[in-house]
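Have a look at the structure below before the remarks.
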Amino acid sequence: SLVVYSPVIHMVWGGGILAQMGVLDFAGGLPIHLSAGASSYVAARMLGARINDDSTPCNMAYVAAGTGILWAGWFAFNGGSALAANSNAALAIANTLLASASGAFGWLLLSRNSQKKITLLDTLIGGVAGLIVITPMAGYVDPIMSLPVGIVGAMASFLAVRFRIARKLDDTLDVWALHGVAGALGVILAGVFANPDFASSAGIMYGNFSQVGIQAGAAAAVALYSAAATYILLKAISLFTPLRVSSDDEQKGLDTAIHSECLYYDK
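Per the numbering used here, the very first residue in the sequence shown carries number 31; after that it's consecutive.
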């Protein structure tokens with residue numbers, strides 16, 4: 031929180047270097063999503079894969095309920111980033127809804143093509159990808175633009191998940207593939223679609239070709255800073271305690287090994 035998140039918050043929203051450059055980030059594509067994605071990638075690389083790499087949900091009902099709560103909360107923090115109950119907040123909420131719906135649709139298209147089936151999990155993950163990619167521009171773009179943005183964001187994250195699997199990166203919640211990739215893409219696309227009627231700067235669609243460069247530069251800077259800071263933190267922690275538990279404890283499961291209890295018992 032102090033070493034990664036807080037400095038990026040200052041850079042973007044606290045009058046820091048990225049704010050002075052004129053970067054557009056309505057609700058946290060840089061300090062929330064991209065910083066988490068970059069940090070997650072580094073941490074997953076440093077820790078390595080689990081002995082038994084299984085990311086199958088233990089209970090899809092819990093996953094669906096949790097995603098529903100997350101989805102509802104997203105309207106609050108995207109809309110709340112307008113800092114008032116006004117038309118800008120309404121715009122952000124409308125864009126959030128449309129992008130999440132189109133994100134789910136885009137993910138399902140790719141999933142159906144690659145796996146020949148559609149799952150509830152695919153629907154939920156696609157919706158989250160749409161939520162992430164619209165976050166940096168939720169209050170800056172016309173609602174019609176949130177539809178292609180959601181689809182493109184979901185498709186980019188879908189391909190990132192496939193890349194992550196191929197490289198055997200054990201990122202259980204796909205924080206890099208979802209938050210990192212869709213967050214960076216959303217920040218960059220804000221430089222394309224931002225409407226000067228809503229945003230402090232216009233995007234390419236409105237004749238300002240320099241904004242997308244500012245957005246891309248900011249995304250690169252936050253990714254590099256978050257990755258480097260996370261690497262240093264984990265290296266420092268490893269001087270005092272191992273980053274991983276023992277293989278025996280991992281095989282038993284941490285609930286059993288550390289707390290002497292578990293969620294499910296075989297009878």
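Ideal Cβ placement from N, Cα and C applies to all residues, glycine included.
query                                                                                                                               : result
To the nearest angstrom, how far is it from the Cα of S36 to the Cα of K282?                                                        : 37 Å
Where D55 and S230 are concerned, what is the direct C-alpha to C-alpha distance, given to the nearest angstrom?                    : 11 Å
Does D227 come out as helix, strand or coil in the three-state DSSP assignment?                                                     : coil
Taking 9 Å as the threshold (C-beta atoms), are S132 and G180 in contact?                                                           : yes
For L138, name the three-state secondary structure that DSSP assigns.                                                               : helix
So what does DSSP say about I148, is it helix, strand or coil?                                                                      : coil
If you follow the alpha helix (DSSP H) that N108 is in, where does it begin and where does it stop?                                 : 90-110
Taking the alpha helix (DSSP H) that E280 belongs to, which residues open and close that run?                                       : 277-282
For N143, does the three-state DSSP call read helix, strand or coil?                                                                : helix
For N125, is the classification buried or exposed, using 16 other Cβ atoms within 10 angstroms of its Cβ as the cut-off for buried? : buried
Does the beta-carbon of V33 have 16 or more other beta-carbons within 10 angstroms, so that it is buried, or is it exposed?         : exposed
So which of S31, M167, A79 has the shortest CA-CA distance to A196?                                                                 : A79
Quick check on the DSSP output: the alpha helix (DSSP H) that includes V53 runs from which residue to which?                        : Segment: none, V53 is in no alpha helix (DSSP H) and carries neither H nor E.
Within the chosen definition, does the stretch 90-110 reach the stretch 67-82 through at least 3 CB pairs nearer than 8 Å?          : no
How is the alpha helix (DSSP H) around F193 delimited, first residue to last?                                                       : 173-196
Between the stretch 42-55 and the stretch 193-213, can you find at least three pairs of beta-carbon atoms closer than 8 Å?          : no
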